[in-house]
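*Asks:* This is the structure, below, for whatever I ask next.
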Amino acid sequence: MRHQVNEKIESITFGIFSPKQIVAASTAKVVTPELYDREGYPVDGGLMDLRLGVIDPGLRCKTCGQKLKECPGHFGYIELARPVIHIHFVKQILDLLKLTCKSCARVLIPDENLKKYFGILEKVGREEGFEARRKKIKAIVNKYKVKEKCPHCNTAQDKIKLDKPYTVYENEVRLSPIEIRARLEKISNDDLETFGFKSGNFRPEWLIITVMQIPPVTMRPSITLESGERSEDDLTHKLGDIVRINQRLFENINAGAPEVIIEDLWDLLQYHITTFFNNEVPQLPPARHRGGQILKTLATRISSKDGRIRHNLAGKRTDFSARTVISPDPLISLNEVGVPFSMAMVLTVPERVTEWNIEYLKKYIANGSKVYPGANYTLKSDGRRKTITEETKAEILEELEPGFIVERHLIDGDIALFNRQPSLHRMSMMCHRVKVLPGMTFRLNPAVCNPYNADFDGDEMNLHIPQTEEARAEAQVLMLVETQIISPRYGLSVVGCIQDGITGNYLLTKELVLTRNEAVDLLYSSGVDDLSALPNKEKIDGKEVFSVLLPEDFNFVGKDKSGNDVKIVNGQLKSGCMDKANLGQESGLMLRNIYEKYGPTFTSGLLGKISKLGITVLSRRGFSIGLADMDLEEGANEEIKEVIAKAEEEVNQLINSYNQGKLESLPGRTVAETLELRILESLNKARNKSGTIAMKQVRDSAALIMAKCGARGNPLNIAQMTAIVGQQALRGKRIESGYRSRTLPYFKPNDLSPKARGFIKSNFKEGLKPHEFFFGAMTGRDALMDTALRTPKSGYLYRRLSNAMQDLKVEYDGTVRDASRKIVQFLYGEDGLDVSKTENGALDIKKIIQQVLGAK
Amino acid sequence: MKHDEVLKEYSEKLSPALLQEIAASVPANIAKEKLIKILEEAAGLYSRAKINAGECVGLVGAESIGEPGTQMTLNTFHLAGVAEMNVTTGLPRIIEIFDCQKEIKTPMMEVFLKAPHNTIDKVKKFAAALKETLFGELVSEYSLNIYEQTLTLKINETLMKDYGFTDIKELAKLLKTKSKGFISETKDYLIIFTQKDKGGENLKEMYGLKEKLKVVKIKGIKGVKQVLPVKRGEEYIILTSGTNLKDILQLSEVDATRTYGNDLREVYEVLGIEAARQAIINEVYKVMEAQGLNIDIRHIMLVADIMCASGAVKGITRYGVVSEKASVLARASFETPIKHLINAALEGEVDRLTSVVENVMINQPVPLGTGLPGLVTKMK
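If you read the sequences in order, they're chains A and B. The numbering of the first sequence is the numbering used here, which starts it at 1 and goes up by one. The numbering of the second sequence is the numbering used here, which starts it at 1 and goes up by one.
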């Protein structure tokens, strides 16, 4: 559209510039460290030379004539007074020096064997990479090194040593970069091939810098402070140092200064150029600002998470996006997202004017940018942009014709991508339809919380508006919420009813009987307008009400959460109740079957209706919890106490026999370990037992209903509230002594009793004793620590996995291959099935057999 | 079965596992037409569930394993059962497997025994024989006589008999290779070492001898630090802490088809790459299952395959799988970018831009999914 791309980059070649190439590619030679003249205008031949690009508004680049933001910047160069070693090539230079003769510059391998080794080296290089090859050649030469004489010219070789970071000694005599360069120059192209360098584009002497490239100003822009002062980029500072020292070196050489001074300056130049490339060289003190802040030079800019590669290249920023707090709205449909008016008036969708839509687009333009629904900009056919304001409105309306593009406000039904970080899933970014709503937050249906892993305690989410037809089409077809219902991780639904949605349906299908009026009211308010399926009688069973939502030819046999059969025959729920096992997320077996048979759109619609039905049921019936929910029936308390007392007695006996040395150890354990294990075992048994008693004895309360149908809470939570909290485990053991031989000063030393080792006898309703509370806090903190430590670890694992596997794809022939087309699997997953098209990883063959055989 | 031919016809259209399932679950006397109908429908179901070309299975797999990683526990404690070995589980174990670390935290083996040997008594005895016993465990007292320059070791009599040595001379024999330069004598339950050539200050050597003798293996299999016979189903097996598959598998009592260790590198060295691949799948799946996480086996298979694709087990680290990538930019975007860029420049590498990140970097469509197909058209 606006930027039609006609060309594609096919490959990128890496290599090293020769000094000649550097000069040829440059637009300016930098000769002075000065940046600006007295008027603040860039100096010719300075580091901010106008030929290197522009960073000031109003000026034009002297090379390409373009203005700020248009000119990409151009490289310059400086000629160094003396050559300098490039810090990143030190290892290569050293290897080349060590492995070649000091006089004839041949590889230190006899000619007769060279061919044989060349083959080996090529193989190593191909299979294990460049660095392995380097190691191999070192090993080969070392074999011949014993003689310490060049096999070609018989010159004795001296020992070459590197004094890190960049000084080379030969027999304790320092080799200057000039000498090194001279030696590297002598190495023949044929020998370089032995080293694995491709001849033609590479010469080893280029690794020594004689002419240095100056990066364009556009990559080191200066900032103008409020005071009008200019603050230069770190790179400019560093380059300033280099140019200054270089000038001084030139002057001193020309003036015939003593060798010592020249050496010193040369070293200084080497230091500055080294830190220009990499300011984190281990053996060098980093270059600093006057304030002591470490300069960020080239290597720092590229590497690490905030570096160019990961921060700017692999991750990019977008326009047409928004972010705000989310809040729930069970009344909008599953694939909608509520967008505040204020956002809808800023985010726009470009729409091309045609004869068919011109009338309604005119209406938007007439509304302007301040009235919703309006439009903010128009784009003429020639690409010129016009802002719609009160003044320009009339004119724009006048000239509007097919071919123009109007950037209109977001309206209901527009396509948007909705995302919540961390985006660990492909379901973390799904396509929703926009619904513009009053308020300041994004609204989303609570049923889609699970794939996003969102809750409403202040979570924020991001919204992106695709701007091209292709993007919208792709988003709609591939990313729409309903297409993502089945997780590719395990082939079950990730979206399902939650909380009230489940509880309501559970109650409805379990026990409610409604009058016809109530039933109609209920269904109508949950979005059902075809009530013909409702049986025509006075009292209507809850199951029948639920069945109205189901399609008429739907059959399903399954189990509910408590193990009872659920049977749906011809769209009628015959037995069982609807709970988490069939409606919930990560299970939702009934939903899975509906998806299979009726497709994504129907499923998401049905899910919305079921969810709404559940909520309406609850609001009609009334549903609340209170402290009384935790009351036990008469006698239950005593029963529980008895169980616990018994367990304690058991433990005491264990401890006694341990103290008397009578306890027999389990195989492979010490006696003390055995004691711990057995105590834990009996205490856990006691807790479970009292839990079951409690579950049986709790009055049929709202909390229990929720736990039963899986909407919220589990039996353990109920048991902890009503009966007993239980043993607190720290790192898999009972709480061990924190003070000398005891857990708290409250206990006697070496007390092994349950109470002294973190067994909490109380329950949450009664409240905890001080020491019990403390033990609870201990495990609580341990859990917090665990989460805090786990997140970065698993994050790193995930990053590594995704980096290693990101380019694996299924080819047209069904094989799985990586980017270099190496085969990783001959058939994906050994059967070529897409997990998200299976039911929990398998195909339901039994059903087919049953259908065929059943139709006798 | 009488319909083998019919089934055979569908071997192209259905996966072997599905065919088997169908063959197993239809009644034997099924009419041919019905079987064909079943097969036809199954084939339809299968082809509909097949994966699309261009699907980025790698990324989906990485997501499927990485996402639940946040839900795993960090704690490495053992199972709740009373008689089990302590095994690393949870996230640390997953990291250990994917890193392909040289030394794992809790190496262990499950040693299955062949039929006549897997009764409780025999297993117990066999287990005791497996355990690596060091000479130091048998010694109850060391005495170093400085004047006479002798080292006297007192052996614990009962322990010695427990370990099945009847004569002290047997023991002394075992020590011979490690005590060169010394003469040993045995007396009752004493072993006395004297230096061959007396003279000079050789105390240090005497002392060194003592330390050397302590770690002489007198019995069992090297590396097996602990043994634990447990019941598995109908039979008894031996759990060991510390692994040595190579030696264990050579024992005739051991059922080599079922015995297995959890050290991936060892499995690779002893049993080869296919075994290592299966071991990775099993180990990862076991951990995921123990954590109650539902992950399809196909994702784990893919990771295992990419780790083993080169013929050796490679970890998912910058030295392993990632270093094998063809693309310079893809490697640079992972870790140590400077190193990769410098080497690429020296070597004159060419990046063909065939994978994902490079294309993201230069704002081009990624060659996956909908970015894969191209359009060829004739220009007028």
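Glycine is no exception: its CB is placed at the ideal position from the N, C-alpha and C atoms. Remember, predicted model here, so these are calculated numbers, not experimental data.
(1) Strictly below 7 Å CB to CB, what residues from chain A border ASP296 of chain B?
(2) Among A:ILE309, A:VAL168, A:GLY738 and A:SER327, whose alpha-carbon lies nearest the alpha-carbon of ASP455 of chain A?
(3) I want to verify the contact list: residues of chain A whose CB lies under 7 Å from the CB of ASP305 of chain B, in sequence order.
(4) Quick check: is the beta carbon of HIS78 of chain B nearer than 8 Å to any beta carbon in chain A?
(5) How many Å lie between SER836 of chain A and GLY491 of chain A at the Cα?
(6) Between which two residues does the alpha helix (DSSP H) harbouring LYS296 of chain A extend?
(7) Is there contact here, the segment 827-846 of chain A with the segment 471-489 of chain A, by at least three beta-carbon pairs under 8 Å?
(8) How long is the line joining the alpha carbons of TYR796 of chain A and CYS100 of chain B, rounded to whole angstroms?
(9) Verify the CB distance criterion: does PHE112 of chain B have a CB-CB separation below 8 Å to chain A?
(10) Kindly identify the DSSP beta-bridge partner or partners of VAL6 of chain B.
(11) Opposite ILE845 of chain A in the DSSP bridges: which residues?
(12) Is the beta carbon of SER859 of chain A less than 8 Å from the beta carbon of GLY261 of chain B?
(13) Check each candidate in A:LEU265, A:LEU99, A:GLU648 and A:THR218 and name the one with the smallest Cα separation from ARG82 of chain A.
(14) From LYS32 of chain B to GLY44 of chain B, what does the alpha carbon distance come to, in whole angstroms?
(15) Identify every run of the alpha helix (DSSP H) within the segment 7-52 of chain B, keeping only runs that are complete inside it and at least 4 residues long; order them along the chain.
(16) Among the candidates B:ALA28, B:GLN278 and B:PRO116, whose CA atom is the shortest distance from the CA of ASP4 of chain B?
(17) In chain order, which alpha helix (DSSP H) runs of at least 4 residues are fully inside the segment 9-37 of chain A?
(18) I'd like the span of the beta strand (DSSP E) that includes GLN195 of chain B, first residue to last.
(19) Use the C-beta contact count for TRP356 of chain A: other C-beta atoms within 10 angstroms, 16 or more gives buried, fewer gives exposed.
(20) Could you list which residues in chain B have their beta carbon closer than 9 Å to that of PHE130 of chain A, in chain order?
(21) For PRO229 of chain B, report the span of its beta strand (DSSP E) as first-last.
(22) Applying the criterion that 16 or more other CB atoms from any shown protein chain within 10 Å of the CB defines a buried residue, is GLU12 of chain B buried or exposed?
(23) Under 9 Å Cβ-Cβ, which residues of chain A neighbour GLN278 of chain B?
(24) Using C-beta distances below 6 Å, list every residue in its chain close to GLY165 of chain B, excluding the 5 sequence neighbours before and after it, in chain order.
(25) Going by C-alpha distance, which of A:TRP206, A:PHE118, A:GLU179 and A:LYS102 is nearest GLN157 of chain A?
(26) Would you call the segment 631-647 of chain A in contact with the segment 672-692 of chain A, where contact means no fewer than 3 C-beta pairs closer than 8 Å?
(27) Measure the alpha-carbon distance for VAL60 of chain B versus GLY233 of chain B and round it to whole angstroms.
(28) List the residues of chain A that GLN291 of chain B touches, going by C-beta distances under 7 Å, in chain order.
(29) As a quick exercise: from A:GLY458, A:HIS425 and A:LYS609, pick the residue whose alpha carbon is nearest that of THR441 of chain A.
(30) Does DSSP put LYS609 of chain A in a helix, in a strand, or in coil?
(31) Is VAL328 of chain B near LEU341 of chain B, with beta carbons less than 8 Å apart?
(32) Could you check whether the Cβ of VAL82 of chain B sits closer than 8 Å to any Cβ belonging to chain A?
(33) Label MET479 of chain A either buried or exposed according to how many other C-beta atoms from any shown protein chain fall within 10 Å of its C-beta, with 16 as the threshold for buried.
(34) Per DSSP, what kind of secondary structure is ASN450 of chain A in: helix, strand or coil?
(35) Can you have a look at ASP579 of chain A and say buried or exposed, based on whether 16 or more other CB atoms are within 10 angstroms of its CB?
(36) How big is the Cα-Cα spacing for LYS131 of chain B and MET109 of chain B?
*Replies:* Well, looking at it:
(1) Taking the second sequence and counting its residues from 1, one reaches residue 296 of chain B at position 296. Here the neighbours are ARG489, TYR490, GLY491, VAL835 and GLY841.
(2) Within the first sequence, the letter at position 455 stands for residue 455 of chain A. That would be A:SER327, whose Cα lies nearest to the Cα of ASP455 of chain A.
(3) For the purposes of this step, residue 305 of chain B is taken as the residue at position 305 of the second sequence. Neighbours of ASP305 of chain B on chain A, chain order: VAL824 and GLN825.
(4) Here residue 78 of chain B is taken as the residue at index 78 of the second sequence, counted from 1. The predicted position of HIS78 of chain B is uncertain, since its pLDDT is 48 and thus under 50; no value can be drawn from it.
(5) Residue numbering aside, residue 836 of chain A sits at position 836 when the first sequence is read from its first letter. Residue numbering aside, residue 491 of chain A sits at position 491 when the first sequence is read from its first letter. If I take the Cα positions, the gap works out to 5 Å.
(6) Along the first sequence, one-based indexing puts residue 296 of chain A at 296. Neither: LYS296 of chain A is in no alpha helix (DSSP H) and is coded neither H nor E.
(7) The way I'd put it, the segment 827-846 of chain A does touch the segment 471-489 of chain A; three or more beta-carbon pairs between them come closer than 8 Å.
(8) Mapped onto the first sequence, residue 796 of chain A falls at position 796. Mapped onto the second sequence, residue 100 of chain B falls at position 100. Annotation: TYR796 of chain A to CYS100 of chain B spans about 15 Å, alpha carbon to alpha carbon.
(9) Reading the second sequence from its first residue, position 112 is the one you call residue 112 of chain B. Cβ-Cβ to chain A under 8 Å: no for PHE112 of chain B.
(10) Residue 6 of chain B sits at position 6 when you count from the first residue of the second sequence. Beta-bridge pairing by DSSP links VAL6 of chain B to no other residue.
(11) Taking the first sequence and counting its residues from 1, one reaches residue 845 of chain A at position 845. According to the DSSP secondary-structure assignment, ILE845 of chain A is paired through a beta bridge with no residue.
(12) Nothing about residue 859 of chain A can be reported from this structure: the residues present for chain A run from 1 to 856 only.
(13) By one-based count along the first sequence, residue 82 of chain A stands at place 82. Selected option, being the one with the closest Cα: A:LEU265.
(14) As a first step, residue 32 of chain B must be located in the second sequence, where it is residue number 32. As a first step, residue 44 of chain B must be located in the second sequence, where it is residue number 44. Going by the C-alpha atoms only, they are around 18 Å apart.
(15) Listed in chain order, they are 16-25 and 32-48.
(16) The sequence position of residue 4 of chain B within the second sequence is 4, counting from 1. Answer by Cα proximity: B:ALA28.
(17) If one requires a minimum length of 4 residues, the alpha helix (DSSP H) runs lying completely within the segment 9-37 of chain A are 19-25, in chain order.
(18) Translated into positions along the second sequence, residue 195 of chain B becomes position 195. It spans 190-195 - the beta strand (DSSP E) in which GLN195 of chain B sits, taken as one unbroken run.
(19) As a first step, residue 356 of chain A is located in the first sequence; it is residue number 356 there, counting from the start. Exposed: under 16 other Cβ atoms inside 10 Å.
(20) Here residue 130 of chain A refers to the residue found at position 130 when the first sequence is read from its first residue. Per Cβ cutoff of 9 Å: ASN343, ALA344, LEU346, GLU347 and GLU349.
(21) Here the question's residue 229 of chain B lines up with position 229 in the second sequence. That run of the beta strand (DSSP E) goes 226-232.
(22) By 1-based counting over the second sequence, the position of residue 12 of chain B is 12. In summary, GLU12 of chain B is exposed, with fewer than 16 beta-carbon neighbours lying within 10 Å of its beta-carbon over all protein chains present.
(23) Residue numbering aside, residue 278 of chain B sits at position 278 when the second sequence is read from its first letter. Simply none; closest approach about 12 Å.
(24) Taking the first residue of the second sequence as position 1, residue 165 of chain B is located at position 165. Residue 165 of chain B is actually Phe in this sequence, not Gly. LEU171.
(25) In the first sequence, residue 157 of chain A corresponds to position 157, counting from 1. The shortest CA-to-CA distance from GLN157 of chain A to any of A:TRP206, A:PHE118, A:GLU179 and A:LYS102 is the one to A:LYS102.
(26) Counting Cβ pairs under 8 Å, three or more are found: they touch.
(27) By 1-based counting over the second sequence, the position of residue 60 of chain B is 60. By 1-based counting over the second sequence, the position of residue 233 of chain B is 233. Using only the alpha carbons, I get a separation of about 37 Å.
(28) For this step, residue 291 of chain B is matched to residue 291 along the second sequence. Simply none; closest approach about 12 Å.
(29) Counting from one through the first sequence, the residue named residue 441 of chain A turns up at place 441. For THR441 of chain A, the nearest C-alpha among the options comes from A:GLY458.
(30) Working through the first sequence from its first residue, we reach residue 609 of chain A at position 609. Assigned with DSSP and collapsed to three states, LYS609 of chain A falls in helix.
(31) The residue labelled residue 328 of chain B in the question sits at position 328 within the second sequence. The residue labelled residue 341 of chain B in the question sits at position 341 within the second sequence. Contact: yes.
(32) As a working mapping, residue 82 of chain B is identified with position 82 in the second sequence. Bear in mind that a pLDDT of 48 at VAL82 of chain B, under 50, signals an unreliable position, so the model cannot answer this.
(33) Here residue 479 of chain A refers to the residue found at position 479 of the first sequence. Classification of MET479 of chain A: buried, given that the 10 Å Cβ count is 16 or more.
(34) The sequence position of residue 450 of chain A within the first sequence is 450, counting from 1. In the structure shown, the three-state DSSP call for ASN450 of chain A is helix.
(35) Walking along the first sequence from the start, residue 579 of chain A turns up at place 579. Buried.
(36) Residue numbering aside, residue 131 of chain B sits at position 131 when the second sequence is read from its first letter. Residue numbering aside, residue 109 of chain B sits at position 109 when the second sequence is read from its first letter. C-alpha separation (whole angstroms): 12 Å.
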